[in-house]
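Numbering (this note's numbering), first residue to last: 2 to 220.
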Amino acid sequence: MIDINNLTFSYNGAAPYLIEKLNLNIKDGSYTSILGENGSAKTTLIKLILGLLKPLSGTINLSTKNIGYVPQRLDSFNSKFPITVFELLKCHMKVSKISDNKIIDKCLGSVDMKDFKKSLIGNLSGGQMQKIFIARALMGYPKLLIFDEPSTGIDTKSQKEIYSLISHLNKHLHITVLAVEHNLKAAMENSTHICTMENGVCNMYTILEYKKLNEIINK
C-alpha cells in the first residue's frame with residue numbers, strides 16, 4: 002500500500018534533517034500505528050505521505066489514490082458555525098466532485114450517525130464529531146485511511162467506540178489503516194503492526210513482536 006525509500010526531509014531544506022533516509026513499507030490490509038515521542042516527526046511523515054509536504058530526497062510510492070484523512074483536530078473548523086451534519090458533508094461532496102447524494106446516508110450509516118444528519122455540528126460531542134469526520138473521509142471510498150491521533154480530546158467511552166469503528170473498517174471493509182498514536186493501549190489492542198519513530202528513524206514490528214519487546218523492556 003505504501004512503500005517509502007530513503008526519505009529525507011527538513012523544513013528549512015538543509016541539515017540537520019528531521020527525517021533522514023527513512024524506509025517504510027505498509028502492507029495492504031494492515032492496521033499500522035505510529036508511536037513516538039513529541040517531535041519525532043510522526044505527523045510530518047503523515048504529511049509527506051499525503052503530499053502536503055515534499056521530500057528533499059527519496060521516494061514515496063502509493064498503490065492507491067483513494068485516501069481518506071482524519072486530522073488530529075480540525076482547528077480551522079468553527080464548531081459554532083450554524084451548519085448541520087448534512088450540510089457539512091454536502092459541502093465536501095461539492096469540493097470532491099461527488100454527485101450521488103445517497104453517499105451521505107451510506108457513510109453516516111457506516112459510523113452509526115445517520116440519525117444525526119440534521120443536527121448542528123456545534124451540538125455534537127467530541128466523539129460524535131470524530132465519527133462525522135470519519136464519515137467524511139469515507140465518502141471517497143478510500144482504500145487507505147490515515148488518522149492523526151484519533152482519540153485526542155475524546156472521553157474514554159467514545160474512544161472505545163472510535164477504535165471499534167476503525168477496527169471494523171479495517172477488518173470487515175478491508176481498508177488499510179495508518180494512525181499516528183499517543184494511545185499505546187489502543188494501538189496494542191487494535192493494530193496489526195507498530196511503527197516506532199525516534200530521531201526521524203522508524204522501526205517496524207508485527208503486533209506480536211512489539212508485545213514481546215514491550216514485555217522485555219518492562220521486566
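Cβ coordinates follow ideal geometry from the N, Cα and C atoms, glycine included.
For residue 10, the pairing in a beta bridge is given by DSSP as 20. Non-local C-beta neighbours of residue 111 in its own chain, meaning closer than 7 Å and more than five positions away in sequence, comprise 136 and 139, ordered along the chain. The segment 109-155 is shown to contain whole alpha helix (DSSP H) runs of 4 or more residues at 127-139, in chain order.
Per DSSP, the beta bridge partners of residue 58 are 9. Out of 98, 213 and 196, the CA that lies nearest to the CA of residue 37 is found in 196.
Between the alpha carbons of residue 158 and residue 152 lies a distance of about 11 Å. Counting along the chain, the unbroken alpha helix (DSSP H) around residue 215 starts and ends at 208-218.
Residue 149 and residue 131 have their C-alpha atoms spaced approximately 12 Å apart.
Judged by DSSP secondary structure, residue 179 falls within the beta strand (DSSP E) whose first and last residues are 177-181.
Straight-line measurement puts the Cα of residue 70 at about 26 Å from the Cα of residue 18. In this model, residue 39 and residue 201 are separated by some 12 Å (Cα to Cα). Membership of residue 159 in the alpha helix (DSSP H) is indicated by the continuous run 157-172. Between residue 27 and residue 9, the CB-CB gap reaches or exceeds 8 Å.
Looking at the DSSP output, residue 198 shares a beta bridge with 203.
A straight line joining the alpha-carbon of residue 103 with that of residue 174 spans about 19 Å.
Contact between residue 125 and residue 133 holds: their C-beta atoms lie close to 7 Å from each other, under 8 Å. Taking all protein chains shown into account, residue 93 has 16 or more neighbouring C-beta atoms within 10 Å of its C-beta and is therefore buried.
For residue 35 against residue 48, the beta-carbon gap comes to about 12 Å, at or over 8 Å, which does not count as contact.
When the five nearest sequence neighbours on each side are left out, the beta carbons in the same chain lying within less than 6 Å of the beta carbon of residue 60 are those of 6, in order along the chain.
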